[in-house]
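Novice: Protein sequences appear in the order of chains C and V.
Numbered according to this note's numbering, the first sequence spans residues 1 to 191.
Numbered according to this note's numbering, the second sequence spans residues 1 to 124.
Cβ atoms here follow ideal geometry from the backbone N, Cα and C, with glycine treated the same way.
Given the structure is predicted, the values throughout are model-derived calculations rather than measurements.
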Amino acid sequence: FSYFYGKPRWTRPSPINLSYAFSPDHTLDYLTSKQVKAAFAAAFARWAAVIPVSFHPTEDYRSADVTIGFFKGDHGDGEPFDGVLGVLGHAFSPENGRFHLDASERWAVDLSEEKSKVAVDLESVATHEIGHVLGLAHSSVKEAIMYPSLKPRTKKVDLRIDDVEGVQALYGSNPNFKLSSLYESDMYSNG
Amino acid sequence: RPAPTPSEMATETLNATWHNFSKFLDAPRGSQLLGMSDLKLYFHRFGYLLPKRKINTTVTFSDEFDEEFESAVVEYQKRLGLETTGKLDKDTMETIMAPRCGMSDAAVHPSPAGLTKQLHTTQH
């Protein structure tokens with residue numbers, strides 16, 4: 001795991017509660033709001049399970065800590081999106097909270113239903129970008145959520161030891177989480 | 001025939017931005033290949049290569065597979081968990097062309113294990 005330069009993190013008093021909201025203007029027309037919100041709720045829950053940080057949705061986009069939207073091409077932050085595949089999304093380090101996904105991708109919430117060869121799993125990318133929102137940079141561990149690339153039609157949502165150790169070094173551990181359970185899970189999945 | 005669904009249309013639309021890089025597979029150091037500058041721009045974008053030249057505010061690179069680019073490839077391979085050959089081998093090219101997060105790989109504070117050297121910071 002690695003961090004952004006200066007190791008920024010959300011610095012408000014513990015317990016940290018972060019709100020998130022979706023842009024009312026920059027949405028997708030082929031997924032329902034409910035589907036998108038469910039994918040993000042699952043992604044936020046994965047991180048909240050390992051650190052003492054909670055996330056809650058709000059309708060107030062302007063005042064939310066984390067602001068999420070689907071944008072095309074040049075969307076004003078100096079990092080224009082490039083169409084189908086290529087760059088999938090980006091998010092800013094703490095405590096900025098901006099979280100942008102490329103609206104040109106074919107985002108999927110259920111790969112068994114979505115038949116496109118270029119479909120990208122929304123929850124997987126959301127989980128990765130939330131890592132950036134929390135202060136993690138990219139990892140060199142291929143299995144980690146914070147590894148920078150993701151092939152189309154691939155679902156990768158489980159935090160690995162590398163992700164958990166990185167984020168817990170920033171925020172501490174959720175008292176209900178046991179790292180040993182993840183070691184056992186990793187050992188099992190790696191044979 | 002019914003109009004295709006958005007899903008079917010998306011299947012026909014493939015991104016060519018990085019797919020064109022496949023022509024650089026196994027390109028040797030010292031070679032001069034048209035479009036190599038675009039691959040160098042990719043390495044610049046994600047934090048592995050600093051430009052030698054700037055025309056106005058536009059970053060430009062040569063089409064030569066030079067020593068500096070080889071070092072950038074090695075750094076990329078180290079950071080992405082690839083075999084460090086310094087060559088544009090199959091694994092490296094597949095990783096380069098894979099869809100990815102737009103965040104630079106460079107703006108990092110190394111983990112205690114000492115993962116990488118710091119190249120530069122970004123606006124993020």
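Helix, strand or coil for Y3(C)? Go by DSSP, reduced to three states.
Specialist: The answer is strand: DSSP assigns Y3(C) an E or B state.
Novice: Give me the DSSP bridge partner(s) of R106(C).
Specialist: According to DSSP, R106(C) bridges with A119(C).
Novice: Taking the C-alpha atoms as reference points, what is the distance between P8(C) and V59(V)?
Specialist: If you take the alpha carbons of P8(C) and V59(V), they lie about 29 Å apart.
Novice: Would DSSP call Y42(V) helix, strand or coil?
Specialist: The answer is helix: DSSP assigns Y42(V) an H, G or I state.
Novice: Under the rule that 16 or more other beta-carbon atoms within 10 Å means buried, what is L34(V), buried or exposed?
Specialist: It counts as exposed.
Novice: When burial is assigned at 16 or more other CB atoms within 10 Å of the CB, is K87(V) buried or exposed?
Specialist: Buried, by the Cβ-count rule.
Novice: Would you report the Cα separation of T11(V) and K178(C), rounded to the nearest angstrom?
Specialist: Reliability of the predicted coordinates at T11(V) is poor, the pLDDT of 43 falling under 50, and no value is obtained from them.
Novice: Determine, for S7(V), whether the minimum Cβ-Cβ distance to residues of chain C falls below 8 Å.
Specialist: Bear in mind that the predicted position of S7(V) carries a pLDDT of just 46, short of 50, making it too unreliable to give a figure here.
Novice: Give me the chain D residues within the contact set of K151(C), using Cβ-Cβ distance strictly less than 9 Å, ordered along the chain.
Specialist: Among the chains of the structure shown, chain D does not appear; the protein chains present are C and V.
Novice: Take F61(V) and list the residues in its own chain whose beta-carbon comes closer than 6 Å to its own, dropping the five residues that flank it on each side.
Specialist: Excluding residues within five positions, the ones whose Cβ falls inside 6 Å are S37 and K40.
Novice: When you compare the CB of M93(V) with every CB in chain C, is at least one pair closer than 8 Å?
Specialist: No, its Cβ sits nowhere closer than 8 Å to a Cβ of chain C.
Novice: Given H26(C), which residues of its chain have a CB within under 6 Å of its CB, disregarding the five upstream and five downstream residues?
Specialist: These residues qualify, in order along the chain: G69, F70 and F71.
Novice: Kindly say whether G35(V), judged by its beta-carbon, lies nearer than 8 Å to any beta-carbon of chain C.
Specialist: No, G35(V) does not count as interfacial toward chain C.
Novice: Just grab the DSSP bridge partners of Q168(C) for me.
Specialist: The partner list for Q168(C) (beta bridge, DSSP) is empty, contrary to what the question assumes.
Novice: Identify the contact partners of G86(V) in chain C, using a Cβ-Cβ distance below 8 Å as the criterion.
Specialist: Under the 8 Å cutoff, chain C gives no residues; its nearest Cβ is about 17 Å from G86(V).
Novice: Could you run through the segment 69 to 84 of chain V and flag, in chain order, every residue whose CB is less than 8 Å away from some CB of chain C?
Specialist: Residues K78, R79, L80 and G81.
Novice: Closer than 8 Å between beta carbons: that is the criterion. Which residues of the segment 62 to 94 of chain C meet it against chain V?
Specialist: Going along the segment 62 to 94 of chain C in chain order, one finds G78, E79, F81, D82, G83, V84, L85, G86, V87, L88, G89, H90, A91, F92 and S93 with a Cβ nearer than 8 Å to chain V.
Novice: Given A48(C), which residues of its chain have a CB within under 8 Å of its CB, disregarding the five upstream and five downstream residues?
Specialist: So the list reads S54, F55 and N174, once near-sequence residues are dropped.
Novice: From the DSSP output, read off the bridge partner residues of L111(C).
Specialist: L111(C) is not bridged to any residue.
Novice: Could you spell out where the beta strand (DSSP E) holding S33(C) opens and where it closes?
Specialist: Here S33(C) belongs to no beta strand (DSSP E); instead the alpha helix (DSSP H) covers S33 to A48.
Novice: Go through its chain and collect everything with a Cβ distance to L122(C)'s Cβ below 6 Å, but skip five positions before and after it.
Specialist: Answer for L122(C): A39, W107 and V109, listed in chain order.
Novice: Where F43(V) and Q77(V) are concerned, what is the direct C-alpha to C-alpha distance, given to the nearest angstrom?
Specialist: Taking the straight line from one Cα to the other gives about 11 Å.
Novice: Give a yes or no on whether 8 Å exceeds the smallest Cβ distance from S33(C) to chain V.
Specialist: Chain V, which has no Cβ nearer than 8 Å to the Cβ of S33(C), makes this no.
Novice: Confirm, please, whether the CB-CB distance from T154(C) to S124(C) is below 8 Å.
Specialist: Cβ atoms of S124(C) and T154(C): closer than 8 Å.
Novice: Please say whether M97(V) and F24(V) have beta carbons closer to each other than 8 Å?
Specialist: Not closer than 8 Å, so no.
Novice: Nearest to A103(C) by CA position, among L111(C), D74(C), P94(C) and T127(C), is which residue?
Specialist: Of the listed residues, the one whose Cα sits closest to A103(C) is D74(C).
Novice: Would you mind working out which of R45(V), D89(V), D63(V) and V73(V) sits nearest S22(V), comparing C-alpha positions?
Specialist: Among R45(V), D89(V), D63(V) and V73(V), the Cα nearest to that of S22(V) is on D89(V).
Novice: Using a Cβ-Cβ distance cut-off of 8 Å, determine whether D89(V) contacts chain C.
Specialist: No - not a single Cβ of chain C is within 8 Å of the one on D89(V).
Novice: Which same chain residues end up closer than 6 Å to I16(C) when comparing Cβ atoms and leaving out the 5 residues on each side of it in sequence?
Specialist: Only W10 and V53 meet the Cβ criterion.
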